[in-house]
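Colleague: Numbering (the working numbering), first residue to last: 979 to 1310. Pasting in a structure now, in structure tokens, and then I'll have a few things to ask.
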Ligand code: COI
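Following this line, the structure appears as structure tokens:
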């Protein structure tokens, strides 16, 4: 059995080497390239591919995989918003993702972003670098005094709720799929509008499906409390960046913690040091003292990376053997 694993990073190698040792029956061809119509040819003769990238798996790429005889594709990540599902279905591709690799990695990151913004860390860091060691005027806010609105109560949202409860925050939630335990605790509000009007901090944990795109926009920001902090560690296109900047400029939004950005593909996970920075709007966010941007690193922990490698390769074997995978992706 042969699997071609695309865009393997150095930091994934320890987990992949360990996995290979446990699966001597599998010939794993390691590629550093992304999967593209050109590199798809490298999979000729293999039984499956394991991939991770943010660049689109468009029709041309999937067609090239199909032409190379590949029917089984396993993502090492959770998001499937970059896949042309119609093409995948037409080409008879079977796909898996990694639904849960470490909810804690992402929930903790969201909590750190909240804490850093509440204690005005970017402003203090700037002052401290200039050796201005005065306290005022950057007075902080305590987590236990905040009402935190969690939109989306899947695995990540639920871990975040537990973390925030530990700090003593009041948590309210909204989800179209209500978790029975959270419901029994009375954590759900009836509508997004209710959440917007009550929350001091709003944290997004929903997928990038069409109903959610730009859910943070001028209209929703107008419904939020003055001084709200917005956290997005999910998908960049959940937030209308121009509306967010308007909200920050007007003072309605006190801060934003962004691990994702709507135009991040091709910009994040690149070194721009000494090169012209390609995105003015992102530059605005990076320079602000009321915004913390991290380049889609919420997932990036030793635990998560190991799980992503193991779960994706295990599921690729299951697809190849015609077994039911643990994380099938519905193409409908
Ligand atoms: C995902 O799993 O879809 C993510 O967003 C993390 C990715 C950058 C590996």
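Beta carbons: idealized from backbone N, C-alpha and C, even for Gly. Predicted, not measured: the structure shown is a model, and the values here were computed from it.
Hey, would you say residue 1015 sits closer than 8 Å to residue 1038, going by beta carbons?
Modeller: Contact: yes.
Colleague: Could you tell me whether the Cβ atoms of residue 997 and residue 1294 are closer together than 8 Å?
Modeller: Contact: no.
Colleague: Could you compute how far the alpha carbon of residue 1291 sits from the alpha carbon of residue 1113?
Modeller: So the two alpha carbons sit approximately 51 Å from each other.
Colleague: Which residues share a DSSP beta bridge with residue 991?
Modeller: DSSP lists no partner for residue 991.
Colleague: According to DSSP, is residue 1251 part of a helix, a strand, or is it coil?
Modeller: Coil at residue 1251, not helix or strand.
Colleague: So, is residue 1054 buried or exposed, given that buried needs 16 or more other C-beta atoms within 10 angstroms?
Modeller: The residue in question, residue 1054, is buried, as its Cβ has 16 or more Cβ neighbours within 10 Å.
Colleague: In whole angstroms, what is the alpha-carbon distance linking residue 1243 and residue 989?
Modeller: If I take the Cα positions, the gap works out to 20 Å.
Colleague: What are the partner residues of residue 1006, as DSSP defines its beta bridges?
Modeller: Answer is 981.
Colleague: In the DSSP assignment, the alpha helix (DSSP H) including residue 1103 goes from what residue to what residue?
Modeller: Where residue 1103 is concerned, the enclosing alpha helix (DSSP H) stretches over 1099 to 1107.
Colleague: Restricting to Cα atoms, I'd like to know which of 1056, 982 and 1035 is closest to residue 1277.
Modeller: Of the candidates 1056, 982 and 1035, the one whose C-alpha sits nearest the C-alpha of residue 1277 is 1056.
Colleague: Among the residues of its own chain, which have a CB less than 6 Å from the CB of residue 1246, if the five just before and after it don't count?
Modeller: Cβ neighbours of residue 1246 beyond the five flanking positions: 1273 and 1274.
Colleague: Assuming the contact rule is C-beta atoms closer than 8 Å, residue 1043 and residue 1027 should be a hit. Round their C-beta distance to whole Å, please.
Modeller: About 7 Å separates the two Cβ atoms, so the contact holds.
Colleague: Bridge partners for residue 1017 per DSSP, in chain order?
Modeller: None, per the DSSP bridge assignment.
Colleague: Considering only their Cβ atoms, is the gap separating residue 1089 from residue 1160 smaller than 8 Å?
Modeller: Going by C-beta atoms, residue 1160 is not nearer than 8 Å to residue 1089.
Colleague: Suppose you measure from the CA of residue 1007 to the CA of residue 1191; what does that come to, to the nearest Å?
Modeller: Their Cα atoms are separated by approximately 37 Å.
Colleague: DSSP three-state label for residue 1306, please.
Modeller: Of the three classes helix, strand and coil, the one that applies to residue 1306 here is strand, per DSSP.
Colleague: With distances taken from CA atoms, which of 1048, 1040, 1136 and 1080 is nearest residue 1064?
Modeller: It is 1040 whose Cα lies nearest to the Cα of residue 1064.
Colleague: Give every residue of the same chain whose Cβ lies closer than 7 Å to the Cβ of residue 1122, excluding the five residues on either side of it in the sequence, and list them in chain order.
Modeller: So the list reads 1145, 1146 and 1147, once near-sequence residues are dropped.
Colleague: Assuming contact is defined by CB atoms lying nearer than 8 Å, are residue 1178 and residue 1206 in contact in what I supplied?
Modeller: Yes, these two residues count as a Cβ contact at 8 Å.
Colleague: Within 10 angstroms of its Cβ, does residue 1124 collect 16 or more other Cβ (buried), or is it exposed?
Modeller: The residue is buried, with at least 16 neighbouring Cβ atoms inside 10 Å.
Colleague: When you compare only the Cα positions, how much space is there between residue 1017 and residue 1167?
Modeller: Answer to the nearest angstrom: the Cα atoms are 48 Å apart.
Colleague: My assumption, with CB atoms under 8 Å, is that residue 1221 sits in contact with residue 1249. Please give the rounded CB distance.
Modeller: Not confirmed; about 30 Å, so no contact.
Colleague: Using a Cβ-Cβ cutoff of less than 7 Å, which residues in the same chain neighbour residue 982 once the five nearest sequence positions on both sides are dropped?
Modeller: Around residue 982: 1007, 1009, 1020, 1021, 1024 and 1027.
Colleague: Distance check for residue 1283 and residue 1096, CA to CA, integer angstroms please.
Modeller: When rounded, the distance between both Cα atoms is 29 Å.
Colleague: Looking at C-beta atoms only, is the number of pairs between the segment 1212 to 1230 and the segment 1249 to 1269 that lie closer than 8 Å three or more?
Modeller: Verdict: yes, contact present.
Colleague: Please list the terminal residues of the continuous beta strand (DSSP E) segment that includes residue 1052.
Modeller: Residue 1052 -> beta strand (DSSP E) spans 1050 to 1053.
Colleague: Who does residue 971 pair with in a DSSP beta bridge?
Modeller: Outside the modelled stretch of the chain, which goes from 979 to 1310, sits residue 971, for which no answer is possible.
Colleague: Assuming residue 1279 and residue 1083 are in contact, meaning their beta carbons sit under 8 Å apart, how far apart are those beta carbons, in whole angstroms?
Modeller: With 8 Å as the limit, residue 1279 and residue 1083 qualify as a contact, their Cβ atoms being about 4 Å apart.
Colleague: Examine the ligand COI and report whether any of its heavy atoms sits within less than 7 Å of the Cβ of residue 1235.
Modeller: Residue 1235 Cβ: outside cutoff for every heavy atom of the ligand COI.
Colleague: Beta strand (DSSP E) containing residue 927: first to last residue?
Modeller: No information on residue 927 is available, as it lies outside the stretch 979 to 1310 that the chain covers here.
Colleague: Can the beta-carbon of residue 1033 be found closer than 8 Å to that of residue 1309?
Modeller: Not closer than 8 Å, so no.
Colleague: If you reduce the DSSP assignment to three classes, tell me which class residue 1279 lands in.
Modeller: Coil, per DSSP.
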